[in-house]
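Before any comments, here is the structure.
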Amino acid sequence: MSAVLQNLVNQPYKHGFVTDIESEVAPKGLSEETIHLISAKKNEPEWLLDFRLRAYQKWLTMSEPDWQNVHYPKIDFQSISYYAAPKPKEKLSSMDEVDPELIRTFEKLGVPMHERAALAGVAVDVVFDSVSVATTYKEKLAEVGIIFCSISEAVQKHPELIKQYLGTVVPVGDNFFAALNSAVFTDGSFCYIPKGVKCPMDLSTYFRINTEGSGQFERTLVIAEEGASVSYLEGCTAPQFDTNQLHAAVVELIALDNADIKYSTVQNWYAGDENGIGGIYNFVTKRGLAKGVNSRISWTQVETGSAITWKYPSCILRGDNSVGEFYSVAVTNHLQQADTGTKMIHLGKNTRSTIVSKGISAGRSNSSYRGLVRINPTADNARNFSQCDSMLVGDQSGAHTFPYIQVRNNSAKVEHEASTSKIGEDQLFYFAQRGIDAEEAVSMIVNGFCKEVFQQLPMEFAVEATKLLSFKLEGSVG
Amino acid sequence: MSELVSNDYLECLLKSLSIQSEGISSLGAPANNQSAWLKQLRKQAIDRAGQLRLPTIKDEAWRFTDISPLAKLPFKPAQALHTLKLSDIQSFFIEETNNRLVFIDGFFAPEFSGITDKEQLIIGNLPSLIESHASLVASHLAQHAQYHDNIFTALNTAFVHDGAVIIVPKNAVAAAPVHLLFIATQKETTNYPRCLIVGEANSQVTLIEDYVSLQNDAYVTNSVTECYLAPNAQVQHIRIQRENTDAYHLANCAVSLDHASRYQAVNVSFGAQISRHNLDVGFKAETGECAIDGLTIITDGQLADTHSCIDHIKPNCTSRQQHKCIADDAAHAVFNGNIIVRPGAQRTDSSQSSRNLLLSGTAQIDTKPQLEIFADDVKCAHGATVGQLDNEEIFYLKSRGLSELAARNLLTYAFGAEILNRIPLASLKHSLEQIVLNQTQSSR
Numbered sequence: 005m006s007a008v009l010q011n012l013v014n015q016p017y018k019h020g021f022v023t024d025i026e027s028e029v030a031p032k033g034l035s036e037e038t039i040h041l042i043s044a045k046k047n048e049p050e051w052l053l054d055f056r057l058r059a060y061q062k063w064l065t066m067s068e069p070d071w072q073n074v075h076y077p078k079i080d081f082q083s084i085s086y087y088a089a090p091k092p093k094e095k096l097s098s099m100d101e102v103d104p105e106l107i108r109t110f111e112k113l114g115v116p117m118h119e120r121a122a123l124a125g126v127a128v129d130v131v132f133d134s135v136s137v138a139t140t141y142k143e144k145l146a147e148v149g150i151i152f153c154s155i156s157e158a159v160q161k162h163p164e165l166i167k168q169y170l171g172t173v174v175p176v177g178d179n180f181f182a183a184l185n186s187a188v189f190t191d192g193s194f195c196y197i198p199k200g201v202k203c204p205m206d207l208s209t210y211f212r213i214n215t216e217g218s219g220q221f222e223r224t225l226v227i228a229e230e231g232a233s234v235s236y237l238e239g240c241t242a243p244q245f246d247t248n249q250l251h252a253a254v255v256e257l258i259a260l261d262n263a264d265i266k267y268s269t270v271q272n273w274y275a276g277d278e279n280g281i282g283g284i285y286n287f288v289t290k291r292g293l294a295k296g297v298n299s300r301i302s303w304t305q306v307e308t309g310s311a312i313t314w315k316y317p318s319c320i321l322r323g324d325n326s327v328g329e330f331y332s333v334a335v336t337n338h339l340q341q342a343d344t345g346t347k348m349i350h351l352g353k354n355t356r357s358t359i360v361s362k363g364i365s366a367g368r369s370n371s372s373y374r375g376l377v378r379i380n381p382t383a384d385n386a387r388n389f390s391q392c393d394s395m396l397v398g399d400q401s402g403a404h405t406f407p408y409i410q411v412r413n414n415s416a417k418v419e420h421e422a423s424t425s426k427i428g429e430d431q432l433f434y435f436a437q438r439g440i441d442a443e444e445a446v447s448m449i450v451n452g453f454c455k456e457v458f459q460q461l462p463m464e465f466a467v468e469a470t471k472l473l474s475f476k477l478e479g480s481v482g
Numbered sequence: 076m077s078e079l080v081s082n083d084y085l086e087c088l089l090k091s092l093s094i095q096s097e098g099i100s101s102l103g104a105p106a107n108n109q110s111a112w113l114k115q116l117r118k119q120a121i122d123r124a125g126q127l128r129l130p131t132i133k134d135e136a137w138r139f140t141d142i143s144p145l146a147k148l149p150f151k152p153a154q155a156l157h158t159l160k161l162s163d164i165q166s167f168f169i170e171e172t173n174n175r176l177v178f179i180d181g182f183f184a185p186e187f188s189g190i191t192d193k194e195q196l197i198i199g200n201l202p203s204l205i206e207s208h209a210s211l212v213a214s215h216l217a218q219h220a221q222y223h224d225n226i227f228t229a230l231n232t233a234f235v236h237d238g239a240v241i242i243v244p245k246n247a248v249a250a251a252p253v254h255l256l257f258i259a260t261q262k263e264t265t266n267y268p269r270c271l272i273v274g275e276a277n278s279q280v281t282l283i284e285d286y287v288s289l290q291n292d293a294y295v296t297n298s299v300t301e302c303y304l305a306p307n308a309q310v311q312h313i314r315i316q317r318e319n320t321d322a323y324h325l326a327n328c329a330v331s332l333d334h335a336s337r338y339q340a341v342n343v344s345f346g347a348q349i350s351r352h353n354l355d356v357g358f359k360a361e362t363g364e365c366a367i368d369g370l371t372i373i374t375d376g377q378l379a380d381t382h383s384c385i386d387h388i389k390p391n392c393t394s395r396q397q398h399k400c401i402a403d404d405a406a407h408a409v410f411n412g413n414i415i416v417r418p419g420a421q422r423t424d425s426s427q428s429s430r431n432l433l434l435s436g437t438a439q440i441d442t443k444p445q446l447e448i449f450a451d452d453v454k455c456a457h458g459a460t461v462g463q464l465d466n467e468e469i470f471y472l473k474s475r476g477l478s479e480l481a482a483r484n485l486l487t488y489a490f491g492a493e494i495l496n497r498i499p500l501a502s503l504k505h506s507l508e509q510i511v512l513n514q515t516q517s518s519r
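The listed protein sequences derive, respectively, from chains A and B. Count along the first sequence from 1, add 4, and you get the number used in the working numbering. Count along the second sequence from 1, add 75, and you get the number used in the working numbering.
In structure tokens:
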């Protein structure tokens, strides 16, 4: 690989800065007391404390998984602070009251919240170190009966919904990190779309990890009632720190009859420097339950950040004729590691799923696709199509594919295909011939490679994702 | 992996091993015939087997293959006694060749064996070849099939006393194929077939490794085959497993390919209650080629598991793999195909396809074609499909006057025939086709 490409990737992380807001940080370590403290701080009802304690008990009996194709030093769960909230202020009624520090941070991120919210018509539920600080457009959504708020607010105002659905898709003991999250989650987003309502705008949250050394344990719950539809966006950036930070979020989606949930993620957390120092550990459990007939759950993700990305947004297709989709682009550079993919569990009749996964590895990074397609005996006429393509940039990167296909019903049709390729010298030469330099050529080739996925993203995200990819791969090809 | 889980199967075997290791092998060759290196090898394998445990479904590589029924059976090693007559086994012979080594329960049966191509081939059972070609055998035996993390290879190596050794000397081209016939006659025993194939530079050979049974009770076959191909050597390796449907068949096959050598394999699996075939191919030098085809046809409660690993260690090698499974009734077919492209193995060209046909609602398929790629200038593709017979194809045949049943049988047969057509021996191909036809027809 030529020097041109080498130079292109080595740009420093552009979103690295620390906002100085006084955090209220719980003492480090995890114990029943910590959980009581979190629960008390958040003024939670008894049943939620029980839920947390149950998860904690379960967590104690579990051991950290080691089957994944990622490597990292052992995490000391007792040296993490499990609660960090920006210092409580009196309730905010308008954007002017938001801490100017915070506003500046968002501006640096290129997210002028008030403008963006107003101009783009996007309601932004700002999550800043786990606690929701400002929520906009709530009234507009409330008019049609949509509840969109932080999960701690929802616990206070709509406990019956939380009680009914929390932990039903990802049970407390589902896996090591989901159990940990269930025990100590501090905040997150909650979204409820009532029967027959099509959400009038894309809902979006911004996640940002700020206080150094504090893990972030987000909990997201999206419920679409019969005939409802929603498009939910999640975008992430994080400041530059040297100590590794653990992020173990849980996202649960529930789609009832004829409901439609589209969940899009652009993830660009700090990935560590070129020697693999620092960076976020992104260990997330995301799962959608297509519970009703004709329901649809669609995951789209663009994963460019984090030292380690390890997640499998999944669909449980329980309702007859339900549809699951997974579109993913994972870009790794330097020493980043990604082990991502999806699980499509077909339970209902005539269920369909589509998987399109694009992995791009540059530098000394490794990316893996790990996916499961399971057709249960009850899933008559189930259909799956999977496509996993990998692109290698430079001869020190690795790309891996681990597709599990389990078929228990003979009326099912399952197809999987995968390929691996690289950006060839002849392709670059062709561009050069046409007067396009290597950097731009790489960006165009990569964007072409990912086009199928980008098409699934809402417009503003698609633009951001295209840019992100070009940043990310700057200097990696040549 | 180091803890020893107690279970009858392993205990029984290890006990018989400890008796053996004192006055080594009262079974095969007399004790003084075994050279020091072989004693050493067996001792190491015995020690290793003692440290390993039987895999369970909690081990990733055995997730779908539950061998716990095997672990409950106290199967002893088979003994060298048989009362077979030529007429009993003649039906297994292949008419195209008289190069034949017959092993009964893992023991060489010279009375049924014979070699016509004595000039071109150095061939015989393990003890006799150890005498005549000690250094060559020593430099390859247990050098390709690693027993350190595989309990079954370790057990086989620990029990190694007999086996087939085929050495194709430099520039030799074997005129006729070599038929290695392994017959199981004793129930509730374990037999340990072992094969070593060394293709020296520029040599060519075709061999058939054939596993059959002459009784209908449960037993265990634990076979290990090692194959080394020197520069420019060619080996065509046909492996047929048609044991009875109560048998357990555990096979490990390791192939090492040197510069510009070519390895072609056809693996056909019909039999056994539970069968597991591990095939490891390693490219040890550049420009090697391998083509591996597999066909599994199972029915009733059979389980057939194929795990292959094609390891591109060096650049400029080509591999192609196609594996097909047909599962009927409550059968369960497993395929795990791993392709590794090591750092620096540039210009690797590798393709793999796993195609699976489910004939009944209770049959199961688990397939996992796996790619691990650490080099950028490579061409790697894999694909997997699982499905049933295509209704449009059936309709087409029906429109030509075939009955529904005939159309289904024809399509099922054609699905498998693609693999069988790669077998170069007409009579063998024909007899296997008959098995496929019988199986596809009796099933409905």
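Backbone N, C-alpha and C define an ideal beta-carbon position, used for all residues, glycine too.
(request) To the nearest angstrom, report how far apart threonine 470 of chain A and methionine 448 of chain A are at their CA atoms. (result) In the first sequence, the residue the question calls residue 470 of chain A occupies position 466. In the first sequence, the residue the question calls residue 448 of chain A occupies position 444. Whole-angstrom Cα-Cα distance: 9 Å.
(request) Give the residues of chain A in contact with serine 528 of chain B, contact being defined as C-beta atoms less than 7 Å apart. (result) This structure cannot speak to residue 528 of chain B, because chain B is shown only from 76 to 519.
(request) Measure the alpha-carbon distance for valine 461 of chain B versus asparagine 353 of chain B and round it to whole angstroms. (result) Walking along the second sequence from the start, residue 461 of chain B turns up at place 386. Walking along the second sequence from the start, residue 353 of chain B turns up at place 278. Their backbone Cα atoms lie some 22 Å apart in a straight line.
(request) Take every Cβ of the region 291–302 of chain B, pair it with every Cβ of the region 190–201 of chain B, and state whether three or more of those distances are shorter than 8 Å. (result) no
(message) Using a Cβ-Cβ distance cut-off of 8 Å, determine whether asparagine 214 of chain A contacts chain B.
(response) Residue 214 of chain A sits at position 210 when you count from the first residue of the first sequence. Per-residue confidence for asparagine 214 of chain A stands at a pLDDT of 46, beneath the threshold of 50, marking its modelled position as unreliable; the derived number appears in the next sentence. Not an interface residue.
(request) Using a cut-off of 8 Å between C-beta atoms, extract the partners of alanine 438 of chain B located in chain A. (result) One-based indexing of the second sequence puts residue 438 of chain B at position 363. Here the neighbours are Asn414.
(request) Reducing DSSP to helix, strand and coil, say where phenylalanine 181 of chain A ends up. (result) Residue numbering aside, residue 181 of chain A sits at position 177 when the first sequence is read from its first letter. Reduced to three states, the DSSP call for phenylalanine 181 of chain A is helix.
(message) Would you say proline 69 of chain A lies against chain B (beta-carbon separation less than 8 Å)?
(response) Within the first sequence, numbered from 1, the residue matching residue 69 of chain A stands at position 65. So, not an interface residue.
(request) Go through its chain and collect everything with a Cβ distance to threonine 264 of chain B's Cβ below 8 Å, but skip five positions before and after it. (result) Taking the second sequence and counting its residues from 1, the one referred to as residue 264 of chain B is at position 189. The answer, listed in chain order, is Phe150, Lys151, Pro152, Ala153, Gln154, Asp180, Tyr294 and Val295.
(request) Would you please verify whether the beta carbon of cysteine 384 of chain B is less than 8 Å from any beta carbon of chain A? (result) As a first step, residue 384 of chain B must be located in the second sequence, where it is residue number 309. By this cut-off, cysteine 384 of chain B is not an interface position.
(message) Does any residue of chain A have a CB that is nearer than 8 Å to the CB of serine 162 of chain B?
(response) As a first step, residue 162 of chain B is located in the second sequence; it is residue number 87 there, counting from the start. Chain A contact via Cβ: absent.
(request) Return helix, strand or coil for glutamate 50 of chain A, following the three-state DSSP convention. (result) Position 46 of the first sequence, counting from 1, holds the residue named residue 50 of chain A. The answer is helix: DSSP assigns glutamate 50 of chain A an H, G or I state.
(request) Look up phenylalanine 257 of chain B in the DSSP assignment and say whether it is helix, strand or coil. (result) Your numbering for residue 257 of chain B matches position 182 in the second sequence. Strand, per DSSP.
(request) Give the residues of chain A in contact with glutamine 445 of chain B, contact being defined as C-beta atoms less than 8 Å apart. (result) Mapped onto the second sequence, residue 445 of chain B falls at position 370. His404, Thr405, Phe406 and Pro407, listed in chain order.
(request) Would you decide whether proline 77 of chain A is buried or exposed? Buried here means 16 or more other CB atoms lie within 10 Å of its CB. (result) The residue you call residue 77 of chain A lines up with position 73 of the first sequence. Exposed is the call here.
(request) Give me the Cβ distance between proline 462 of chain A and aspartate 264 of chain A, rounded to the nearest whole Å; I'm assuming they're in contact under 8 Å. (result) In the first sequence, the residue the question calls residue 462 of chain A occupies position 458. In the first sequence, the residue the question calls residue 264 of chain A occupies position 260. With 8 Å as the limit, proline 462 of chain A and aspartate 264 of chain A do not qualify as a contact, their Cβ atoms being about 14 Å apart.
(message) When you compare the CB of histidine 420 of chain A with every CB in chain B, is at least one pair closer than 8 Å?
(response) Here residue 420 of chain A refers to the residue found at position 416 of the first sequence. So, interface residue.
(request) Note down, in chain order, every chain B residue with its Cβ under 7 Å from the Cβ of leucine 351 of chain A. (result) Taking the first sequence and counting its residues from 1, one reaches residue 351 of chain A at position 347. Simply none; closest approach about 15 Å.
(message) Pairs of beta-carbons, one from the region 325–343 of chain A and one from the region 302–313 of chain A, closer than 8 Å: are there three or more?
(response) yes
(message) So that I know if they touch, is there some Cβ in chain B lying closer than 8 Å to that of glutamine 410 of chain A?
(response) In the first sequence, counting from the first residue as 1, residue 410 of chain A sits at position 406. Yes, contact with chain B.
(message) Quick check: the Cα distance between leucine 161 of chain B and proline 268 of chain B, rounded to an integer number of angstroms?
(response) Counting from 1 along the second sequence, the entry for residue 161 of chain B is found at position 86. Counting from 1 along the second sequence, the entry for residue 268 of chain B is found at position 193. Roughly 20 Å separates the two Cα atoms.
(request) Identify, in the order they occur along the chain, each residue of the same chain with its Cβ nearer than 6 Å to the Cβ of leucine 432 of chain B, setting aside the five sequence neighbours on each side. (result) As a working mapping, residue 432 of chain B is identified with position 357 in the second sequence. Excluding sequence neighbours, leucine 432 of chain B sits near Ile401 and Phe490.
(message) For histidine 505 of chain B, count the other beta carbons within 10 Å of its own beta carbon; 16 or more makes it buried, fewer makes it exposed. Which is it?
(response) Within the second sequence, residue 505 of chain B is the residue found at index 430, counting from 1. Answer is exposed; the Cβ neighbour count stays below 16.
(request) Determine, using beta-carbon pairs with one atom in the region 198–205 of chain B and one in the region 174–189 of chain B, whether at least three such pairs fall under 8 Å. (result) yes
(request) Return the bridge partner residues of arginine 378 of chain A from the DSSP annotation. (result) As a working note, residue 378 of chain A is residue 374 in the first sequence. Note: arginine 378 of chain A sits in a beta bridge opposite A:Ile349 and A:Gln410.
(request) Assign serine 154 of chain A to one of two classes, buried (16 or more other C-beta atoms within 10 Å of its C-beta) or exposed (fewer than that). (result) As a working mapping, residue 154 of chain A is identified with position 150 in the first sequence. Per the 10 Å Cβ criterion, buried.
(request) Could you say if the region 423–430 of chain B and the region 373–393 of chain A meet the contact criterion of at least three C-beta pairs nearer than 8 Å? (result) no
(request) Quick one: residues in its chain with C-beta nearer than 6 Å to the C-beta of leucine 145 of chain A, no 5 flanking neighbours on either side, listed in chain order? (result) Here residue 145 of chain A refers to the residue found at position 141 of the first sequence. Within the same chain, leucine 145 of chain A has close Cβ partners Phe152.
(message) Let me check understanding here. Comparing Cα to Cα, which of B:Lys389, B:Glu135 and B:Arg497 lies closest to tryptophan 71 of chain A?
(response) Numbered from 1 along the first sequence, position 67 holds the residue referred to as residue 71 of chain A. Checking every option, the nearest Cα to that of tryptophan 71 of chain A belongs to B:Glu135.
(request) For valine 453 of chain B, return the contacting residues in chain A, with the cut-off set at a CB-CB distance below 9 Å. (result) Looking up residue 453 of chain B in the second sequence gives position 378. Simply Leu396, Thr424, Ser425 and Lys426.
(message) For serine 357 of chain A and leucine 396 of chain A, which I take to be in contact (beta-carbon distance under 8 Å), what is that distance rounded to the nearest angstrom?
(response) On the first sequence, residue 357 of chain A is found 353 positions in, with the first residue counted as 1. On the first sequence, residue 396 of chain A is found 392 positions in, with the first residue counted as 1. Wrong, their Cβ atoms sit about 27 Å apart, outside the cutoff.
(message) Using 8 Å for Cβ pairs, my map puts serine 372 of chain A next to asparagine 73 of chain A. What's the rounded Cβ distance?
(response) The sequence position of residue 372 of chain A within the first sequence is 368, counting from 1. The sequence position of residue 73 of chain A within the first sequence is 69, counting from 1. Contact holds; Cβ gap of about 5 Å.
(message) Run through the DSSP bridge pairs and tell me what asparagine 391 of chain B is partnered with.
(response) Your numbering for residue 391 of chain B matches position 316 in the second sequence. Looking at the DSSP assignment, asparagine 391 of chain B forms no beta bridge with any residue, so it has no partner.
(request) Can you grab the Cα-Cα spacing for the pair alanine 360 of chain B / aspartate 333 of chain B, in whole Å? (result) For the purposes of this step, residue 360 of chain B is taken as residue 285 along the second sequence, with counting starting at 1. For the purposes of this step, residue 333 of chain B is taken as residue 258 along the second sequence, with counting starting at 1. Each residue's alpha carbon lies about 5 Å from the other.
(request) Check the Cβ of alanine 450 of chain B against every Cβ in chain A and list those closer than 8 Å, keeping chain order. (result) Here the question's residue 450 of chain B lines up with position 375 in the second sequence. Correct list: Leu396 and Asp399.
(message) Closest to phenylalanine 182 of chain B by C-alpha separation, out of B:Glu171, B:Val212, B:Leu204 and B:His236, would be which residue?
(response) Position 107 of the second sequence, counting from 1, holds the residue named residue 182 of chain B. The shortest C-alpha separation from phenylalanine 182 of chain B is found at B:His236.
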